[in-house]
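In our numbering, each residue's number is its place in the sequence shown (first place is 1) plus 35. All residues carry an ideal CB built from backbone N, CA and C; glycine is no exception. Contents: one structure, followed by commentary.
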Amino acid sequence: MVEKKEVSAKKEVATKKAKEVTEEKQSKPETSASLEILEKIEKMSVLELADLVKALEEKFGVTAAMPVAMTNNAGGAAAPDEAKEEEKTDFEVVLKEVGSNKIKVIKEIRTITALGLKESKDLVDGAPKTVKEHVDKKEAEGIKEKLEAVGAVVEIK
36 MVEKKEVSAK
46 KEVATKKAKE
56 VTEEKQSKPE
66 TSASLEILEK
76 IEKMSVLELA
86 DLVKALEEKF
96 GVTAAMPVAM
106 TNNAGGAAAP
116 DEAKEEEKTD
126 FEVVLKEVGS
136 NKIKVIKEIR
146 TITALGLKES
156 KDLVDGAPKT
166 VKEHVDKKEA
176 EGIKEKLEAV
186 GAVVEIK
């Protein structure tokens, strides 16, 4: 029972403080000039407001954009070196030369790429051509081994 009285007393105090704050805000007199400006702004279209913002930015040398939080990265200078040290993860397999077993190379290209017979033949005839892009190192090496096994010359980029 005592706890309920304490809670209700705290609520009353909070309510009184909230009323005081709103009364203070309402009691502050606004100048007629600021009221006139607010009324004019309320009547403006979105395009007119955008023009107003631009004009205010130019006039007072300010910006209406949100400030971007700057972070202090102590390791920022080492970033270019790290990029060089990182191992490449995205590879491209290029058919350089077909070799003597053109038909076997075409068949292997079909199984690797899931292209049709004509598309595979066109790819082989147009060598040097990219067989597959955006593959990991293991897959690229596997493709290279398969194509070299049938006589093709392959490069991994």
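Query	Result
Is it true that the CB of V128 sits closer than 8 Å to the CB of K179?	yes
Can you look up K16 in the DSSP assignment and give me helix, strand or coil?	Absent from the structure is residue 16, since the part of the chain shown begins at 36 and ends at 192.
Who are the near neighbours of A187 in its chain, counting only those whose CB is closer than 7 Å to its CB and skipping five residues on each side?	L130, E132, V133, G134 and V140
Taking the alpha-carbon positions, what's the K123 to K94 distance?	50 Å
What's the gap between the Cα of V166 and the Cα of N136?	17 Å
What residue range is occupied by the uninterrupted alpha helix (DSSP H) comprising L182?	K172 to A184
For L182 versus E143, is the C-beta distance shorter than 8 Å?	yes
Mind checking V189: buried by the 16 CB within 10 Å criterion, or exposed?	buried
Following the continuous beta strand (DSSP E) through V133, name the residue where it begins and the one where it ends.	It is not in any beta strand (DSSP E) - V133 carries neither H nor E in the DSSP assignment.
Whose C-alpha, out of V185, L91, D86 and I138, is nearest the C-alpha of D160?	I138
Between the alpha carbons of A68 and E74, how many angstroms are there, rounded?	10 Å
Just to confirm my understanding: we take E168, look at its own chain, exclude 5 residues before and 5 after, and list those with CB closer than 7 Å. What are they?	E127
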